[in-house]
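Enquirer: Mind having a look at this structure? Questions to follow.
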Amino acid sequence: MRAAVALLALALVGCDAKPEPTAIQRGEAVFRPVADRFAAGIVADLKKSDAAGFDRYLKEIGGKVDADLVRKVSTETLTHYAEALSMSSAKEAELKAGRFDDSMNRRKVKAAQEKFSAPKATVPHVCQVLLNRQQAGEWGAGLELEFSARILEGQLRMGKD
């Protein structure tokens, strides 16, 4: 009887326990707001510079409003760079507490700028937008800089594969 009660108690405790998020899920949760702001900028620029292209993309995804395209761009960015944005629970706690290594992230961005400025370098649109923001003095600190550095560094690693 005691064994049955113990097994039942273990089963109930096991059902209540939420699984620990993966490194990729932690990265997605931390960077989702930044990715949404990033995507909103891309969508606004597209709408301004190529209204027909904006309408075409919106129609392709079955969207009705700007927010649909923002959500799509944000999700695709987070998915494509999931590995680069992934993090340990300790890193997640650091970032949520507002502890950023801005000097290291600036060095990563600078290294990416140098590599992407090579004559035959191909710069993906996402990376070009991030580099443009850096050059304009935007996204130069905190979570936005962390996001930029991780994506740029991740793209450079993808290019080596």
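In our numbering, the protein residues as written are 422 to 582.
Every residue gets a Cβ at the ideal spot worked out from N, C-alpha and C, and that includes glycine.
1. Enumerate, from N- to C-terminal direction, the unbroken alpha helix (DSSP H) stretches of 4 or more residues contained entirely within the stretch 444-486.
2. Could you give the DSSP three-state label for A562: helix, strand or coil?
3. V486 and A460: beta carbons closer than 7 Å?
4. Kindly indicate which three-state DSSP category R578 falls into: helix, strand or coil?
5. Quick check: the Cα distance between K531 and D476, rounded to an integer number of angstroms?
6. Looking at I445 and S509, is the spacing between their C-beta atoms short of 7 Å?
7. Where A533 and Q576 are concerned, what is the direct C-alpha to C-alpha distance, given to the nearest angstrom?
8. How would you label I482, buried or exposed, when you count the other beta carbons within 10 angstroms and need 16 or more for buried?
9. Excluding the 5 residues preceding and the 5 following E513 in the sequence, name in chain order all residues of the same chain whose CB lies nearer than 7 Å to its CB.
Expert: The relevant details are as follows:
1. As far as the stretch 444-486 is concerned, its whole alpha helix (DSSP H) runs of at least 4 residues are 444-470, 472-481.
2. By one-based count along the sequence shown, residue 562 stands at place 141. For A562, the secondary structure class from DSSP, reduced to helix, strand or coil, is coil.
3. Numbered from 1 along the sequence shown, position 65 holds the residue referred to as residue 486. Numbered from 1 along the sequence shown, position 39 holds the residue referred to as residue 460. No; because the gap between Cβ atoms is not below 7 Å, this pair is not in contact.
4. The sequence position of residue 578 within the sequence shown is 157, counting from 1. Residue state, collapsed to three classes: helix.
5. Counting from one through the sequence shown, the residue named residue 531 turns up at place 110. Counting from one through the sequence shown, the residue named residue 476 turns up at place 55. K531 and D476 have their alpha carbons spaced roughly 35 Å apart.
6. As a first step, residue 509 is located in the sequence shown; it is residue number 88 there, counting from the start. As a first step, residue 445 is located in the sequence shown; it is residue number 24 there, counting from the start. No. Outside cutoff.
7. Here residue 533 is taken as the residue at index 112 of the sequence shown, counted from 1. Here residue 576 is taken as the residue at index 155 of the sequence shown, counted from 1. Cα to Cα, the separation comes out at about 9 Å.
8. Numbered from its first residue, the sequence shown carries residue 482 at position 61. Per the 10 Å Cβ criterion, exposed.
9. Translated into the one-based positions of the sequence shown, residue 513 becomes position 92. For E513, same chain residues with a beta-carbon under 7 Å away, outside a window of 5 residues either side, are R447, V451 in chain order.
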